[in-house]
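Before any comments, here is the structure.
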Amino acid sequence: MTTDYLKSVAESNQWWALGPEIMLACAALGLLVMEIILPKKDRRFIPYAAMVAQAMVLLTVIFNFQTTWLGENLFGGLIKLSPWGQVARVFFLVSSLLVSFLGTICLPRTKLPRVEFYHIVMVVTAAMMLLVHSNHFVMFFVALETVTIGFYILVSYFRDNALTLEAGLKYLVLGALSSAIMLFGIVLLYGAVGKVSVNGITHTGFEFETLNNFLRHHPDNFLAIAGALLLVGGVAFKIGAFPFQIWIPDVYQGAPTPITAFLAVSSKAAGFAVLLTLVNQVFTPLAGVLVPVLSVLAAATIIMGNLAALTQRNTKRLMGLSGISHAGYLLIGVVASFTVPWATSAVWFYLGTYLLASMAVFGVMTYLTGPDDTNQTLDHYEHLAKQHPFLGGVLAVGVGSLAGIPPLAGFMGKLLLFIVAFQAELYPLLAIAIGGVVLSIYYYFGWIKSAYFEAWRPAATATTAAPQSAITTPSLSGKLILGLLALATLLLGCYPGPLSDWLPF
Amino acid sequence: MIIDLPHYLLLSAVLFVLGFFGVLLRKNTLVIYMCLELMLIAATIALAAFSHFNDTLDGNVFVFFILTIAAAEVAVGLAIIVALFRQRGTVQVEALNHLRH
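The listed protein sequences correspond, in order, to chains A and B.
When you line the first sequence up against the numbering used here, it's residues 3 to 507, in that order.
When you line the second sequence up against the numbering used here, it's residues 3 to 103, in that order.
Okay, here's the thing in structure tokens:
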């Protein structure tokens, strides 16, 4: 241990590299301060302040996309900025901006405090941005737990609703279980690697590079393989892959609709970003073990998700179960990334189209729910297209994109993933995925059908009309945002160039 | 008898498995929550043992992070359990089945 080494570690503390995260966290704290110092009548502007702050951080990231620190080990190896991390930052910021927008629709219906919602959404987003940049398991675990604990609070945010609390408790128990499993995996990896001395400097298995080096020389170390499998199992919980998908329908149904969107989009994307980092940078020598495991997971996830969604009539559960099948398609991309390098690009393209389509659908869902957020079935969508043609149109575009109908973005996303799977020669998985897409068209079109066509009722029960939902008429800005999401979905399906060129491969 | 690394790992593995099955099988939410903490403690024991026998300090430092995180998790978790108890009057797992299709 020399002074030169200490000096180089000290010089690697580049705080500006974490500028977006720090700005976001400070803005989040600023919201709480604003709530204290502002007079009561001005507090309704705080959500808009939160959205402006997030938009500014987003612009900062976009304008500094090619930062000087790309690929360097910062903070003594805790953080490593990568082009994919930058993409993830933009993704999480766009998503949290839209979640905040959904919050401005949903929260005024309740009497609960509002500022904390935006505060926690921003803190969780900052933690996700740190998570995808982490290059060290301590950083990884702390960032991941910040995300998870934030989500415990957000999922049970409507604390006057027993169903929401039940969902919160289920998420809490299963989330903590997956964190403990993941932690045990990290510990086993740390124990397997032991002490590695390079030029008199000690490295441990917490560092991604050291672990990768160790695995390259000992690819059949039992402790390390067990640790890697436990770790992947923990991540599989976050993305809702097969044996760990049981929490999804209940939690999605009980959580406030904006948070369901946040879970479906950001949490899933964070899981996939982490999985891609682990698979492509750390566990590459374990391909022999991980490829079969992940392939089976992907196949089972697609089949489970689609079959369970077929008979579902509650729309939030439907989004959750169909989201499981989307996680399955994305897992195919992860498996393919062992052999086809541009698979990462395809996965992010798919996540991008999923963001646009899901947020459009969740936007419509947020406008449709009444005071009880947890009960929204397909019956509530009857007459939607006639009474609110705009919302009906956005819903059709969003759901169509999720189903993968050709002129929409979801089709391009699925096409790219399937091309990747074809190049990686994953033919059985490809067949299962195509079967899954065909199945998914059935339940997605059931949803569109209930919005556009009137259900026939026998005359005897005509008096018991369809359950009426309290539709909030969208404001101009709401229409603008939903319209932009639908338009982007449509345009990306016709001209995928802008997004696919922007992705760094 | 000399207590060596395998003994610590055995203890940790036993605690981890106990915690895991406790989460799956117990019926009271508070007991389930204790079992979750047991799993974290199991990981912590393994971490401290590895850290000692591998002669690296990183593991010991990580223990402090885990303790902090576990404390935050308990704070949030107990709050949710208390709020649920106020709404439902019970925290037994069998009663928590109202979220269905």
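For every residue, glycine included, the Cβ atom is placed at its ideal position computed from N, Cα and C.
Worksheet item: Leaving out the 5 sequence neighbours to the left and right, which residues in its chain are closer than 6 Å to B:Gly61 when beta-carbon positions are compared?
Response: Taking the first residue of the second sequence as 1, we reach residue 61 of chain B at position 59. Correct list, in chain order: Leu49, Phe52, Ser53.
Worksheet item: Which residues does DSSP pair with A:Leu83 in a beta bridge?
Response: Counted from its first residue, the first sequence places residue 83 of chain A at position 81. A:Leu72, per the DSSP bridge assignment.
Item to complete: Quick one: residues in its chain with C-beta nearer than 7 Å to the C-beta of A:Phe351, no 5 flanking neighbours on either side, listed in chain order?
Response: Residue numbering aside, residue 351 of chain A sits at position 349 when the first sequence is read from its first letter. So the qualifying residues of the chain are Gly415, Leu418, Leu501, Ser502, Leu505.
Worksheet item: If A:Gly273 sits next to A:Lys240, beta carbons under 8 Å apart, how far is it from one beta carbon to the other, in whole angstroms?
Response: Locating residue 273 of chain A in the first sequence gives position 271, counting from the first residue. Locating residue 240 of chain A in the first sequence gives position 238, counting from the first residue. About 4 Å separates the CB atoms of A:Gly273 and A:Lys240; that is less than 8 Å, so the two are in contact.
Item to complete: Note down, in chain order, each residue of its chain lying with its Cβ closer than 6 Å to the Cβ of A:Val366, except the 5 sequence neighbours on either side.
Response: For the purposes of this step, residue 366 of chain A is identified with residue 364 of the first sequence, where counting begins at 1. Excluding sequence neighbours, A:Val366 sits near Leu393, Val396, Leu397.
Discussion item. Just to confirm the assignment, what range does the alpha helix (DSSP H) spanning A:His382 have?
Written reply: For the purposes of this step, residue 382 of chain A is taken as residue 380 along the first sequence, with counting starting at 1. Segment: none, A:His382 is in no alpha helix (DSSP H) and carries neither H nor E.
Worksheet item: Listing by chain order, which chain A residues have their CB less than 7 Å from the CB of B:Ala45?
Response: Within the second sequence, residue 45 of chain B is the residue found at index 43, counting from 1. Listed by position along chain A, the residues whose Cβ is nearer than 7 Å to that of B:Ala45 are Ala182, Leu185, Phe186, Val189.
Practice prompt. Within its chain, find whatever has a CB closer than 6 Å to the CB of A:Thr466; leave out the 5 residues flanking it on each side and keep chain order.
Written response: For the purposes of this step, residue 466 of chain A is taken as residue 464 along the first sequence, with counting starting at 1. In this prediction, A:Thr466 scores a pLDDT of 46, lower than 50, which makes its location untrustworthy; the coordinate-derived value is nonetheless stated afterwards. None.
Discussion item. Against chain B, does A:Gln283 count as a neighbour if the rule is that its beta carbon must be under 8 Å from one of theirs?
Written reply: Position 281 of the first sequence, counted from the start, is the residue given in the question as residue 283 of chain A. Using a Cβ-Cβ cut-off of 8 Å, A:Gln283 does not count as an interface residue toward chain B, since no Cβ of chain B sits closer than that to its own.
Discussion item. Using 8 Å as the threshold, is the C-beta distance between A:Ala164 and B:Gln94 below it?
Written reply: Sequence index remark: in the first sequence, residue 164 of chain A carries index 162 (1-based). Sequence index remark: in the second sequence, residue 94 of chain B carries index 92 (1-based). The answer is no: Cβ separation not under 8 Å.
Worksheet entry | Listed by chain order, chain A residues near B:Gly61 by CB distance under 7 Å | Position 59 of the second sequence, counted from the start, is the residue given in the question as residue 61 of chain B. Residues of chain A passing the Cβ test: Tyr192.
Discussion item. I want to see whether chain A comes within less than 8 Å of B:Met36, judged by CB atoms only; does it?
Written reply: Working through the second sequence from its first residue, we reach residue 36 of chain B at position 34. By this cut-off, B:Met36 is not an interface position.
Worksheet item: Can you give the Cα-Cα distance for A:Tyr331 and A:Val281, rounded to whole angstroms?
Response: Reading the first sequence from its first residue, position 329 is the one you call residue 331 of chain A. Reading the first sequence from its first residue, position 279 is the one you call residue 281 of chain A. So the two alpha carbons sit approximately 16 Å from each other.
Practice prompt. Report the three-state DSSP secondary structure of A:Ala464 (helix, strand or coil).
Written response: In the first sequence, the residue the question calls residue 464 of chain A occupies position 462. For A:Ala464, the predicted structure reports a pLDDT of 45, less than 50, and the residue's modelled location is therefore unreliable. A value from the coordinates is still provided. A:Ala464 carries a coil assignment under DSSP once its states are collapsed to helix, strand and coil.
Practice prompt. Buried or exposed for A:Ala433, please, with buried defined as at least 16 other CB atoms from any protein chain shown within 10 angstroms of its CB.
Written response: Position 431 of the first sequence, counting from 1, holds the residue named residue 433 of chain A. It is exposed - the Cβ of A:Ala433 has fewer than 16 other Cβ atoms within 10 Å.
Practice prompt. Run the CB neighbour count on A:Arg161, radius 10 Å, all protein chains shown included, and call it buried at 16 or more, exposed below.
Written response: The residue given as residue 161 of chain A occupies position 159 in the first sequence. With 16 or more Cβ atoms within 10 Å of its Cβ, A:Arg161 is classed as buried.
Worksheet item: Straight-line CA distance for A:Ala129 to A:Glu23?
Response: Sequence index remark: in the first sequence, residue 129 of chain A carries index 127 (1-based). Sequence index remark: in the first sequence, residue 23 of chain A carries index 21 (1-based). A:Ala129 and A:Glu23 have their alpha carbons spaced roughly 8 Å apart.
Discussion item. I need the DSSP call for A:His328, collapsed to helix, strand or coil.
Written reply: In the first sequence, counting from the first residue as 1, residue 328 of chain A sits at position 326. When DSSP states are grouped into helix, strand and coil, A:His328 belongs to the helix group.
Worksheet item: By the criterion of Cβ-Cβ separation under 7 Å, what are the contact partners of B:Gly24 in chain A?
Response: Here residue 24 of chain B corresponds to residue number 22 of the second sequence, with the count starting at 1. Simply none; closest approach about 10 Å.
Discussion item. For A:Phe2, would you say it is in contact with chain B, using Cβ-to-Cβ distances shorter than 8 Å as the test?
Written reply: There is no way to answer for residue 2 of chain A, as the model of chain A reaches only from 3 to 507.
Worksheet item: What residues are listed by DSSP as bridge partners for A:Thr204?
Response: Position 202 of the first sequence, counting from 1, holds the residue named residue 204 of chain A. In the DSSP assignment, A:Thr204 is bridged to A:Ser199.
Worksheet item: With a CB to CB cut of under 7 Å and the five nearest residues on each side skipped, what residues in its chain are close to A:Val293?
Response: Taking the first residue of the first sequence as 1, we reach residue 293 of chain A at position 291. Answer for A:Val293: Val337, Phe340, listed in chain order.
Practice prompt. Determine the chain B residues that contact A:Ala169 at a beta-carbon separation under 8 Å, and present them in chain order.
Written response: One-based indexing of the first sequence puts residue 169 of chain A at position 167. What A:Ala169 touches in chain B: Leu101.
Worksheet item: What's the call for B:Leu80, buried or exposed, on a 16-neighbour Cβ count within 10 Å?
Response: To locate residue 80 of chain B, count along the second sequence from 1; it is residue 78. Exposed, because fewer than 16 other Cβ atoms sit within 10 Å of the Cβ of B:Leu80.
Discussion item. Distance check for A:Gln255 and B:Leu101, CA to CA, integer angstroms please.
Written reply: Locating residue 101 of chain B in the second sequence gives position 99, where the first residue counts as 1. Locating residue 255 of chain A in the first sequence gives position 253, where the first residue counts as 1. Rounded to whole angstroms, B:Leu101 to A:Gln255 spans 7 Å at the Cα level.
Discussion item. So the candidates are A:Val59, A:Leu190, A:Phe47, A:Ala55; which of them puts its Cα closest to the Cα of B:Asn56?
Written reply: By 1-based counting over the second sequence, the position of residue 56 of chain B is 54. With distances taken between CA atoms, B:Asn56 lies nearest to A:Leu190 out of A:Val59, A:Leu190, A:Phe47, A:Ala55.
Worksheet item: So which residues on chain A does B:Ile83 lean against when the C-beta distance must stay under 7 Å?
Response: Start at 1 with the first residue of the second sequence, and residue 83 of chain B comes out as number 81. The contact set of B:Ile83 on chain A, defined by CB atoms closer than 7 Å, consists of Leu171 in chain order.
Worksheet entry | Ranges of the alpha helix (DSSP H) found wholly within the stretch 372-450 of chain A, counting only runs of at least 4 | Complete alpha helix (DSSP H) runs here, min 4: 386-389, 391-405, 411-425.
Worksheet item: Among residues of its own chain, excluding the 5 on either side of A:Arg45, which ones have a beta-carbon nearer than 7 Å to its beta-carbon?
Response: Looking up residue 45 of chain A in the first sequence gives position 43. Only Glu37 meet the Cβ criterion.
Worksheet item: How long is the line joining the alpha carbons of A:Met285 and A:Thr206, rounded to whole angstroms?
Response: Working through the first sequence from its first residue, we reach residue 285 of chain A at position 283. Working through the first sequence from its first residue, we reach residue 206 of chain A at position 204. For the record, residue 285 of chain A in the displayed sequence is Phe; it is not Met. About 16 Å.
Worksheet item: Around the Cβ of A:His219, are there at least 16 other Cβ atoms within 10 angstroms (buried) or fewer (exposed)?
Response: Residue 219 of chain A sits at position 217 when you count from the first residue of the first sequence. Taking a 10 Å sphere around the C-beta of A:His219, we find fewer than 16 other C-beta atoms and assign the residue as exposed.
Fill in: C-alpha gap between A:Arg111 and A:Asn214, whole angstroms
For this step, residue 111 of chain A is matched to residue 109 along the first sequence. For this step, residue 214 of chain A is matched to residue 212 along the first sequence. A straight-line Cα-Cα distance of about 51 Å links A:Arg111 and A:Asn214.
Worksheet item: How big is the Cα-Cα spacing for A:Gln247 and A:Ile64?
Response: The residue given as residue 247 of chain A occupies position 245 in the first sequence. The residue given as residue 64 of chain A occupies position 62 in the first sequence. So the alpha carbons of these two residues sit roughly 34 Å apart.
Worksheet entry | According to DSSP, residues forming a beta bridge with A:Trp316 | Mapped onto the first sequence, residue 316 of chain A falls at position 314. Sequence inspection shows Asn at residue 316 of chain A; the Trp mentioned does not correspond to that position. DSSP output for A:Asn316 lists A:Thr379 as bridge partner(s).
Item to complete: Determine, using beta-carbon pairs with one atom in the stretch 62-81 of chain A and one in the stretch 8-20 of chain A, whether at least three such pairs fall under 8 Å.
Response: Because the criterion of three Cβ pairs below 8 Å is met, the stretch 62-81 of chain A and the stretch 8-20 of chain A touch.
Item to complete: In the DSSP assignment, find the unbroken alpha helix (DSSP H) run with A:Pro2 in it and report its ends.
Response: Residue 2 of chain A lies beyond the residue range present for chain A, which begins at 3 and ends at 507; the question has no answer from this structure.
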